[in-house]
Amino acid sequence: MGLPEYLEPIIQTRRFWTDFFWITYANDDEYSWDEAELNFPVGPEFGLSVEVDNYISTIRLHFNSQDKKKHLLGYDDNFHWQPYTLRWSELEAICQAVSITDRKYSHPGLPLLILARFAPICIGDDVDHIVEILVQAWKNLGEDILTDDQIRQVIERIDNRDMQLCWHYDESRSYWWVGKGLDESTATKAYTYRRSRELDCEEPFPNEQWNAFISAVQNIVDESSTTRNAHDIALAYEKNTIDKFRPRKRYDLTMTLDLTMGDFPVDKAAVTCLLKTLGAVLQSLCLGKAGTLYQEGTTVMGKHIETRRKIWIRIMDELSLGRGIIKQMLWWLRVSPSVMYSNESKPNDSPLQIVDRNADTLEGAYMGISQLSTSGPDTQITYILPTAIQSMLESTELLGTETTITGPTTLGWSTVDTADNGRIEFNFTKFPQGVDAGDENTGVVIIRKLTLQVSAVLHRFMSAASLVLLPMLLTAKPLSEEISCHWKGHCVVNSEELYDLLSAGAYEWWVRGTGGAA
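For the record, in the sequence shown the residue sitting at position 366 is 366 according to UniProt numbering, with numbers rising by one throughout.
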């Protein structure tokens, strides 16, 4: 049994796993299959299987029961999802039984990592043990499959304690179900087929067959003389080694921006630009992500016009750095100082004062970079990175002979050091951008030390690849009319002007555009 032959080499690559956990976005030609199936048999009668499409955008979990039926237990995709399926005690026992049934699998190992996609960390779970066993599984798979930061990102992705996700037991039915809330009488619906009795009418969970499966799993584990407690295995990692993998503190922020209203309104295209830039910067730093929470609008002469956008921002652990990046982005975008900000995870968090340049200070300049194009009947702006963008950056013609470049690192960072002691960093990792993004992508630029040569390198790069600095919309050459009509505020600059603008900084850029909101 084991893995299909075509999957064996792919499972050993970092790119498969970052795509599988949606840290990165699969390229169009990355995988050759139409749909891959990973089978995890348990004894002669039961098993689980996971199906993955060739874009790794839809992942399904099936249960093969004793009566030979195949039950859909959960799935994850970019549109609708029901991924919360397995309790951690169940998952560990299942993976032990799989390794006993099929000796090509080890535990903790591949089955645990694949099936963990459907095992949320909930309130009441032994988080330290879960972290330990997942880290052990990654190291057993291959010491360098994922970086430590990426392993932590995977663990954080399945950590749902902030949603108050909790397992409850219905003794009358011998039935475990998951909901949002500690009190089973008031717990609300979660994204799962294992719902409470009152909510279990849409897609009944095959509980009788599942209980028979778990009983068979336990019998296999109990009867095996080769089974070793995964907790004992995981304890081989010392506490100070495990600490760096523990889920970080999560801050859930919201901002509301007025469109077409107020003293300094921003339009739909500008807000979309902000979201793509902010999301790419946060993800490239393993710091968080951002997206749209909801939109408000009105209808004028039969045409819908968006008037307000509320966006969500998730910051992991480093709230001060996150706030600094957010504020710098808002300055670059020249938004109104009346932007509404809240921190649901920290209600007493101080307001984000746009007019105060001394609060939320930040070393360096953070921005996005991308080619712009148009698509659709409404000629909407799309953000694209050329396939050869990394090689373009590394070309001697662009860098010159006295400039050095190192990287890209395992996290995608390339660092350019200039002869006048300047430093600039680039990241072109293809991050998932949300439901509507398709193949769009935004690169990231961080200027660590601005000098004339850094500005010259950046400007040559922008010119050679027809790139735009975001969200301030600076270009090295004019945009086409079909693109420029969406942004009245874009600006064409030469190398010296680019240096002057970047040297003055984001706050001065905001003041020049808004008059300091006076």
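Note that CB positions come from ideal geometry on N, CA and C, so glycine has one too.
As the structure is a computational prediction, the values presented were derived from the model and not from experiment.
If contacts are defined as beta-carbon pairs under 8 Å, then residue i and residue j qualify, I think. What distance do you get, rounded to the angstrom?
| i | j | result |
| --- | --- | --- |
| W510 | L501 | At roughly 12 Å, the Cβ-Cβ gap does not stay under 8 Å, so W510 and L501 are not in contact. |
| S174 | N211 | 6 Å |
| F461 | L385 | Their Cβ separation, rounded to whole angstroms, is 12 Å, which puts F461 and L385 out of contact at 8 Å. |
| A97 | V42 | 5 Å |
| Y31 | N64 | The pair is not a contact, with the Cβ atoms about 24 Å apart (cut-off 8 Å). |
| T418 | V457 | 7 Å |
| R161 | W176 | Not confirmed; about 17 Å, so no contact. |
| A465 | Q371 | 7 Å |
| residue 524 | T254 | A query on residue 524 cannot be resolved here, the shown segment of the chain reaching from 1 to 518 and no further. |
| L474 | L498 | 7 Å |
Which value, in whole angstroms, describes the spacing of the CA atoms of residue i and residue j?
| i | j | result |
| --- | --- | --- |
| V492 | M316 | 36 Å |
| G72 | G142 | Here residue 72 is Leu; the residue named in the question, Gly, does not match the sequence. Spanning the two alpha carbons is a distance of roughly 30 Å. |
| L3 | V300 | 57 Å |
| N223 | G368 | Residue identity check: residue 223 is Glu in the sequence provided, not Asn. Approximately 57 Å, taken between the alpha carbons. |
| I305 | T256 | 16 Å |
| E51 | F213 | 20 Å |
| F40 | G47 | 6 Å |
| S196 | P408 | 48 Å |
| residue 572 | S49 | With the chain covering 1 to 518 only, the question about residue 572 has no answer from this structure. |
| V281 | W331 | 15 Å |
| A187 | G124 | 15 Å |
| L182 | A93 | 25 Å |
| T85 | Q209 | 15 Å |
| D436 | N427 | Note on D436: pLDDT 41, under 50, position unreliable in the model; no value is reported. |
| L259 | G489 | 15 Å |
| I23 | L278 | 16 Å |
| S57 | D76 | 8 Å |
| D420 | R157 | 42 Å |
| G288 | Y366 | 15 Å |
| residue 523 | N494 | With the chain running from 1 to 518 in the structure shown, residue 523 is simply not present. |
| S320 | D360 | 7 Å |
| H486 | A269 | 7 Å |
| Q164 | R87 | 15 Å |
| T442 | T272 | 12 Å |
| M340 | L479 | 32 Å |
| K310 | L275 | 11 Å |
| L112 | L134 | 8 Å |
| A234 | R323 | Caution applies to A234, whose pLDDT of 47 falls short of 50 and renders its modelled position unreliable; the value that the coordinates give is listed next. Answer to the nearest angstrom: the Cα atoms are 36 Å apart. |
| D349 | E318 | 13 Å |
| L333 | N27 | 30 Å |
DSSP beta-bridge partners for residue i?
| i | result |
| --- | --- |
| S370 | V468 |
| R308 | D258, E296 |
| R423 | D417, K449 |
| L165 | K180 |
| K289 | R314 |
| A36 | V52 |
| Q82 | Y75 |
| G443 | I369 |
| S499 | Reading off the sequence shown, one finds Tyr at residue 499, where the question assumed Ser. Y499 pairs with nothing; no bridge assigned. |
| N64 | G47, K70 |
| Y383 | L372 |
| I405 | V416 |
| I59 | V52, D76 |
| T188 | K180 |
| V42 | F46 |
Please classify residue i as buried or exposed, where buried requires at least 16 neighbouring CB atoms within 10 angstroms.
| i | result |
| --- | --- |
| E425 | buried |
| D232 | Legend: pLDDT at D232 = 49, less than 50; position of this residue unreliable, no value from coordinates given. |
| R512 | exposed |
| M472 | buried |
| Y251 | buried |
| K244 | exposed |
| D67 | exposed |
| P204 | exposed |
| W138 | buried |
| H107 | buried |
| K303 | exposed |
| G438 | Low confidence applies to G438: its pLDDT is 44, below 50, so where it sits in the model is not reliable enough to give any reading. |
Taking only beta-carbon positions, decide if residue i is within less than 8 Å of chain D.
| i | result |
| --- | --- |
| F205 | Looking for chain D here will not work: only one protein chain is present. |
Report task. Tell me the start and end of each unbroken beta strand (DSSP E) in the region 87-155 that is at least 3 residues and wholly inside, in chain order. Result -> none
**Report entry** Runs of beta strand (DSSP E) wholly within the region 335-363 (minimum 3 residues, chain order)
**Finding:** 340-343
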